[in-house]
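Trainee:
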Amino acid sequence: TTRSWDFLGFVESKYRRSEAIESNIIVGVLDTGIYIDSPSFDDKGFGPPPAKWKGKCVTGNNLTRCNNKVIGARYYHLKRPNYNDTAADYDGHGTHITSTIAGVAVSNANLFGIANGTARGGVPSARIATYKVCWEEGCSDMDMLAAFDEAISDGVDMISISIGGASLPFFEDPIAIGSFHAMKRGILTTCSAGNNGPGLYTVSNLAPWVMTVAANSVDRKFETVVKLGNGDTTTGISVNGFNPKKKMYPLTSGFLASNVTAGDYGEPSACEPGTMGEDKVMGKVVYCEVGREEAGGSSEGQDHIIRSLKGAGVIVQLLEPTDMATSTLIPGSYVLYEVGTKISDYINSTKNPQAVIFKTRTTKMLAPSIASFSARGPQRISPNILKPDISAPGLNILAAYSKLATVTVYAEDTLFSIMSGTSMACPHAAAAAAYVKSFHPDWSPAAIKSALMTTATPMRTKDIEAELSYGSGQINPRRAIHPGLVYDITESSYLSFLCKEGYNSTSIGLLLGGSNETKKEYRCVDHKQGLGSDGLNYPSMHKQVGSKGTNVSETFYRTVRSVGYGPSTYVARVWAPKGVRVEVEPRVMSFVKPGEEKHFKVVIDGVMEEAMRGILSASVEWDDSRGHLVRSPILLFQAG
Amino acid sequence: QDEFDKREPYIVYMGDAAEKYHVEASENHHNLLSKVIGDESKAREVRMYSYGKNIDGFVARLLPNEVEMLSREEEVVSVFKNTQRQLH
Numbered sequence: 069t070t071r072s073w074d075f076l077g078f079v080e081s082k083y084r085r086s087e088a089i090e091s092n093i094i095v096g097v098l099d100t101g102i103y104i105d106s107p108s109f110d111d112k113g114f115g116p117p118p119a120k121w122k123g124k125c126v127t128g129n130n131l132t133r134c135n136n137k138v139i140g141a142r143y144y145h146l147k148r149p150n151y152n153d154t155a156a157d158y159d160g161h162g163t164h165i166t167s168t169i170a171g172v173a174v175s176n177a178n179l180f181g182i183a184n185g186t187a188r189g190g191v192p193s194a195r196i197a198t199y200k201v202c203w204e205e206g207c208s209d210m211d212m213l214a215a216f217d218e219a220i221s222d223g224v225d226m227i228s229i230s231i232g233g234a235s236l237p238f239f240e241d242p243i244a245i246g247s248f249h250a251m252k253r254g255i256l257t258t259c260s261a262g263n264n265g266p267g268l269y270t271v272s273n274l275a276p277w278v279m280t281v282a283a284n285s286v287d288r289k290f291e292t293v294v295k296l297g298n299g300d301t302t303t304g305i306s307v308n309g310f311n312p313k314k315k316m317y318p319l320t321s322g323f324l325a326s327n328v329t330a331g332d333y334g335e336p337s338a339c340e341p342g343t344m345g346e347d348k349v350m351g352k353v354v355y356c357e358v359g360r361e362e363a364g365g366s367s368e369g370q371d372h373i374i375r376s377l378k379g380a381g382v383i384v385q386l387l388e389p390t391d392m393a394t395s396t397l398i399p400g401s402y403v404l405y406e407v408g409t410k411i412s413d414y415i416n417s418t419k420n421p422q423a424v425i426f427k428t429r430t431t432k433m434l435a436p437s438i439a440s441f442s443a444r445g446p447q448r449i450s451p452n453i454l455k456p457d458i459s460a461p462g463l464n465i466l467a468a469y470s471k472l473a474t475v476t477v478y479a480e481d482t483l484f485s486i487m488s489g490t491s492m493a494c495p496h497a498a499a500a501a502a503y504v505k506s507f508h509p510d511w512s513p514a515a516i517k518s519a520l521m522t523t524a525t526p527m528r529t530k531d532i533e534a535e536l537s538y539g540s541g542q543i544n545p546r547r548a549i550h551p552g553l554v555y556d557i558t559e560s561s562y563l564s565f566l567c568k569e570g571y572n573s574t575s576i577g578l579l580l581g582g583s584n585e586t587k588k589e590y591r592c593v594d595h596k597q598g599l600g601s602d603g604l605n606y607p608s609m610h611k612q613v614g615s616k617g618t619n620v621s622e623t624f625y626r627t628v629r630s631v632g633y634g635p636s637t638y639v640a641r642v643w644a645p646k647g648v649r650v651e652v653e654p655r656v657m658s659f660v661k662p663g664e665e666k667h668f669k670v671v672i673d674g675v676m677e678e679a680m681r682g683i684l685s686a687s688v689e690w691d692d693s694r695g696h697l698v699r700s701p702i703l704l705f706q707a708g
Numbered sequence: 313q314d315e316f317d318k319r320e321p322y323i324v325y326m327g328d329a330a331e332k333y334h335v336e337a338s339e340n341h342h343n344l345l346s347k348v349i350g351d352e353s354k355a356r357e358v359r360m361y362s363y364g365k366n367i368d369g370f371v372a373r374l375l376p377n378e379v380e381m382l383s384r385e386e387e388v389v390s391v392f393k394n395t396q397r398q399l400h
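Respectively, the protein sequence lines represent chains A and B.
Numbering-wise (my numbering), the first sequence opens with residue 69 and increments by one.
Numbering-wise (my numbering), the second sequence opens with residue 313 and increments by one.
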């Protein structure tokens, strides 16, 4: 966050909501708990919790109190309750997420001096309620559902959850269920899209009532330079906080340091555990020919192994390029495959190979682009809802860390860490949603989500997946508070949508509020089904078309509400690939006053060219010539 | 003990909880479970947690046939196995 909020144009203090209003916003975070002693959660200047707050501070080990910043803490461990259980964060993930949403500004934040700046949340005056649902064994469905149930009653305004798993029908997915009940009570849930990218069909958290967030880069690159004894300089990626003490170190490879004899288990060239002799590694920089995934991650990877053999550093060849900077326990750099081959050639070409690894530096780079790991659509549960919805910074984010973390990748305790994942993107979007809510407290969850989606910055990308990777684009919180128009969705529209999706009337009836008698009265046939290809007033337009034939023709029906000031007139503009027609009817919409609603229809037809590789990407944008651009992506996907 | 070991935690989701429902939620869940299992004390033993503030439902250690029977109950939306999810 020492760069991410500035990168989003959300400059400190400049666009702040008045503290008094923002401090009335309570964000519920379902995660690994919180390290309350982090400077990011200092409550200096905060008054008592808002009157609407009905939650609790359940104290325990290492969390003996809440404060006026972290006003609530609960934990759920229903399967294996333990007397030692506490909402304190022994992992670091929850602390990282929470400080990204609502941490107060902490200047001079860095990790080993790297990525130095002011760490801060998007809504630094907002309050935090933490719900610990993740433990060493994972995040259990029943714990998450319990947390949703209580968070809603506690009076949170927003929920952020950077957790996911297998995609299941909505009534079997605790996040879909919990967020549905949150939505019914005016609370928007923001979820991470998952890290199983870049393959298609990898996105998780698919319900239309949640905001699903992909991860993108910011314009800050981590570079770890390696200089070889022959004077060649190469660059890798890592978070290496070590300054070299010598000009050069002896260089060897895992292969040359091998003490493996025929028949032994393990691959020395990959620096696998037990394959190298300490006498051959001690004091040397070791080159390993394998990606970090194969060695089990950085905390138990080659850096860990070489460190245990008293090596001076590690250079790891990656099988595939990465955009993720990982902290190393000893001087270390991860290099591209070709770079690794050159280093290997150098080692084999001289009797006395040498190298030195310099401390990581940050440089500028083109951004945003979607992170390689960020999960991609389309989805299989509601095939005509585009997921992910939106994108936010989630690559190499520096934010608060827990000093209680039991598995630390760092050589020393630290107050901040650098992490990557859609987990890190989700809190950026959650904070943006909270920011919009602070301006428009009466807006529905769907309206807030619409404001963020229609004002997002579309990404220029060469990736064929286009909107399947970033949805509507990168969040733009400043623009989102004045979206001009919103696509709203009521609870009853979601229920009609579920009818259209094939869920049965009896089950849908049980989702309604009221007594047990009235709950059962819902009948899908009595309710008007949503029209068009998707049947929902969604801010993006998406359809998975049949795999046969190349001609496509889809119709989307939409309703927008004016949320600007006074009368306004919007004109439709469309973008589509050559040979594809996008017709908007009407092309002009005039609003006499705020709150007025207008309907329109979008028809897209054309030929799915072979070059499109099954992805037809277009958009419609409503422009009032007074600064409001209300943009919806259109994406047709043809499997196979 | 053998039977208990065969039981696995399932979430029985019953839709929306009416206001102030949580006061009676446990009892309602117990009654439903007792009806299906046919044994009141066993029902008490296997029920792990009751939701009821906003979400109607409960968690219980169930056998496959009990899962099937509960799924058929009119007031039940779904019965699904408790799984572990991951941080992203």
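Glycine included, C-beta positions come from ideal geometry on N, C-alpha and C.
Predicted model only: the values in this text are computed from it and were never measured.
So what does TRP643(A) bridge to, in DSSP terms?
Mentor: Along the first sequence, one-based indexing puts residue 643(A) at 575. SER687(A).
Trainee: Please confirm whether ARG148(A) has its beta-carbon closer than 8 Å to some beta-carbon of chain B.
Mentor: Here residue 148(A) corresponds to residue number 80 of the first sequence, with the count starting at 1. No, ARG148(A) lies away from the interface with chain B (no Cβ there is under 8 Å from its Cβ).
Trainee: Counting pairs of beta carbons, one from the region 209-229 of chain A and one from the region 90-105 of chain A, are three or more of them closer than 8 Å?
Mentor: Yes, they touch.
Trainee: Using CA coordinates, which residue listed in CYS259(A), SER326(A), TYR333(A), GLY381(A) is at the minimum distance from LYS313(A)?
Mentor: Taking the first residue of the first sequence as position 1, residue 313(A) is located at position 245. Comparing Cα-Cα distances from LYS313(A) to each of CYS259(A), SER326(A), TYR333(A), GLY381(A), the minimum goes to GLY381(A).
Trainee: Taking DSSP as the reference, what is the three-state secondary structure of PRO399(A)?
Mentor: Working through the first sequence from its first residue, we reach residue 399(A) at position 331. PRO399(A) falls in the coil class under three-state DSSP.
Trainee: List, in order along the chain, the chain B residues whose C-beta lies closer than 9 Å to that of SER208(A)?
Mentor: Here residue 208(A) refers to the residue found at position 140 of the first sequence. Within chain B, the residues near SER208(A) are PRO321, ASN394, THR395, GLN396, ARG397.
Trainee: The beta strand (DSSP E) that contains THR163(A), what's its start and end?
Mentor: As a first step, residue 163(A) must be located in the first sequence, where it is residue number 95. Looking at the DSSP string, THR163(A) is not in any beta strand (DSSP E); the run it does join, the alpha helix (DSSP H), is 161-170.
Trainee: Contact criterion: CB-CB distance below 8 Å. Does ALA330(B) meet it with respect to chain A?
Mentor: For the purposes of this step, residue 330(B) is taken as the residue at position 18 of the second sequence. Yes, ALA330(B) counts as interfacial toward chain A.
Trainee: Between LYS347(B) and chain A, is any beta-carbon pair separated by less than 8 Å?
Mentor: The residue you call residue 347(B) lines up with position 35 of the second sequence. It does not; no Cβ of chain A falls within 8 Å.
Trainee: Give me, in chain order, the residues of the same chain whose beta-carbon lies closer than 6 Å to that of GLY365(A); leave out the 5 immediate sequence neighbours on both sides.
Mentor: The count along the first sequence starts at 1 and reaches residue 365(A) at position 297. A caution first: GLY365(A) carries a pLDDT of 43, below 50, which makes its placement in the model unreliable, though a value can still be read off. No residues qualify anywhere along the chain.
Trainee: How many angstroms separate the CA atom of HIS249(A) from the CA atom of ASP328(B)?
Mentor: As a first step, residue 249(A) must be located in the first sequence, where it is residue number 181. As a first step, residue 328(B) must be located in the second sequence, where it is residue number 16. Rounded to whole angstroms, HIS249(A) to ASP328(B) spans 7 Å at the Cα level.
Trainee: Under a CB-based cut-off of 8 Å, is ASN263(A) close to chain B?
Mentor: On the first sequence, position 195 is the one that residue 263(A) refers to. Output row for ASN263(A): interface = yes.
Trainee: If I measure Cβ to Cβ from ILE449(A) and keep anything under 6 Å in the same chain, skipping five residues before and after, which residues do I get?
Mentor: The residue given as residue 449(A) occupies position 381 in the first sequence. So the qualifying residues of the chain are SER235, LEU274.
Trainee: Contact criterion: CB-CB distance below 8 Å. Does ILE367(B) meet it with respect to chain A?
Mentor: Sequence index remark: in the second sequence, residue 367(B) carries index 55 (1-based). Interface residue, yes.
Trainee: Using 8 Å as the cut-off, can you tell me whether the region 652-662 of chain A makes contact with the region 594-601 of chain A, which would need three or more C-beta pairs spanning the two stretches below that distance?
Mentor: No, because fewer than three Cβ pairs between the region 652-662 of chain A and the region 594-601 of chain A fall closer than 8 Å, the two stretches do not touch.
Trainee: For TYR625(A), which of helix, strand or coil comes out of DSSP?
Mentor: Locating residue 625(A) in the first sequence gives position 557, counting from the first residue. Three-state DSSP puts TYR625(A) in a strand.
Trainee: Does chain B have any CB closer than 8 Å to the CB of GLY489(A)?
Mentor: Locating residue 489(A) in the first sequence gives position 421, where the first residue counts as 1. Yes, GLY489(A) lies at the interface with chain B (some Cβ there is under 8 Å from its Cβ).
Trainee: From the beta carbon of HIS595(A), is the nearest beta carbon of chain B less than 8 Å away?
Mentor: Taking the first sequence and counting its residues from 1, one reaches residue 595(A) at position 527. It does not; no Cβ of chain B falls within 8 Å.
Trainee: Assess, as a yes-or-no matter, whether the region 420-434 of chain A is touched by the region 303-317 of chain A under the definition of 3 or more beta carbon pairs within less than 8 Å.
Mentor: Taking 8 Å as the limit for Cβ pairs, the verdict is that the region 420-434 of chain A does touch the region 303-317 of chain A.
Trainee: Helix, strand or coil for SER106(A)? Go by DSSP, reduced to three states.
Mentor: To locate residue 106(A), count along the first sequence from 1; it is residue 38. Residue state, collapsed to three classes: coil.
Trainee: Is it true that the CB of TYR402(A) sits closer than 8 Å to the CB of THR418(A)?
Mentor: On the first sequence, position 350 is the one that residue 418(A) refers to. On the first sequence, position 334 is the one that residue 402(A) refers to. Contact flag unset, no.
Trainee: Count the other CB atoms, across all protein chains shown, that sit within 10 Å of the CB of ASN394(B); report buried if there are 16 or more and exposed otherwise.
Mentor: Counting from 1 along the second sequence, the entry for residue 394(B) is found at position 82. Buried, by the Cβ-count rule.
Trainee: Distance cutoff 8 Å, beta carbons only. Does GLY246(A) sit that close to anything in chain B?
Mentor: Here residue 246(A) is taken as the residue at index 178 of the first sequence, counted from 1. Judged by the 8 Å Cβ criterion, GLY246(A) is in contact with chain B.
Trainee: Distance check for ALA500(A) and TYR633(A), CA to CA, integer angstroms please.
Mentor: Taking the first sequence and counting its residues from 1, one reaches residue 633(A) at position 565. Taking the first sequence and counting its residues from 1, one reaches residue 500(A) at position 432. Their Cα atoms are separated by approximately 22 Å.
Trainee: By alpha-carbon positions, which one of GLN542(A), GLY206(A), ARG195(A), ILE139(A) ends up nearest to ARG397(B)?
Mentor: Translated into the one-based positions of the second sequence, residue 397(B) becomes position 85. When each option's Cα is compared against that of ARG397(B), the closest is GLY206(A).
Trainee: To the nearest angstrom, how far is it from the Cα of ALA514(A) to the Cα of TYR606(A)?
Mentor: In the first sequence, counting from the first residue as 1, residue 514(A) sits at position 446. In the first sequence, counting from the first residue as 1, residue 606(A) sits at position 538. Answer to the nearest angstrom: the Cα atoms are 9 Å apart.
Trainee: Can you tell which of LYS365(B), GLY364(B), PHE370(B) has its C-alpha closest to the C-alpha of ARG356(B)?
Mentor: Along the second sequence, one-based indexing puts residue 356(B) at 44. When only C-alpha atoms are compared, the closest one is PHE370(B).
Trainee: Can you say whether GLU339(B) is buried or exposed, counting buried as having 16 or more other CB atoms within 10 angstroms of its CB?
Mentor: Within the second sequence, the letter at position 27 stands for residue 339(B). Flag for GLU339(B) reads exposed.
Trainee: Name the residue from GLN370(A), SER615(A), LEU472(A) whose alpha carbon lies nearest to the alpha carbon of ASN57(A).
Mentor: Any property of residue 57(A) remains undetermined from this structure, which presents chain A solely from 69 to 708.
Trainee: Does the beta carbon of ALA88(A) sit closer than 8 Å to a beta carbon anywhere in chain B?
Mentor: The residue labelled residue 88(A) in the question sits at position 20 within the first sequence. No, ALA88(A) lies away from the interface with chain B (no Cβ there is under 8 Å from its Cβ).
Trainee: Along the beta strand (DSSP E) that carries LYS289(A), what are the first and last residues, could you check?
Mentor: Stepping through the first sequence from its first residue, residue 289(A) is reached at position 221. Unbroken beta strand (DSSP E) run through LYS289(A): 288-296.
Trainee: Tell me which residues of the region 202-229 of chain A have at least one Cβ-Cβ distance to chain B shorter than 8 Å, keeping chain order.
Mentor: Those would be CYS202, GLU205, GLY206, CYS207, SER208, ASP209, MET210, MET212, LEU213, ALA214, PHE216, ASP217, GLU218, ILE220, SER221, in chain order.
Trainee: Would you mind sorting ASN377(B) into buried or exposed? The rule is 16 or more other CB atoms within 10 Å of its CB.
Mentor: The residue you call residue 377(B) lines up with position 65 of the second sequence. The residue is exposed, with fewer than 16 neighbouring Cβ atoms inside 10 Å.
Trainee: Under a three-way DSSP split, which group does GLN542(A) fall into?
Mentor: Indexing the first sequence from 1 puts residue 542(A) at position 474. Correct three-state label for GLN542(A): strand.
Trainee: Identify every run of the alpha helix (DSSP H) within the region 225-294 of chain A, keeping only runs that are complete inside it and at least 4 residues long; order them along the chain.
Mentor: Segments of the alpha helix (DSSP H) lying fully in the region 225-294 of chain A: 242-252.
Trainee: Taking only the alpha-carbon atoms, compute the straight-line gap between TYR333(B) and ASN366(B) and give it to the nearest angstrom.
Mentor: Locating residue 333(B) in the second sequence gives position 21, counting from the first residue. Locating residue 366(B) in the second sequence gives position 54, counting from the first residue. Whole-angstrom Cα-Cα distance: 8 Å.
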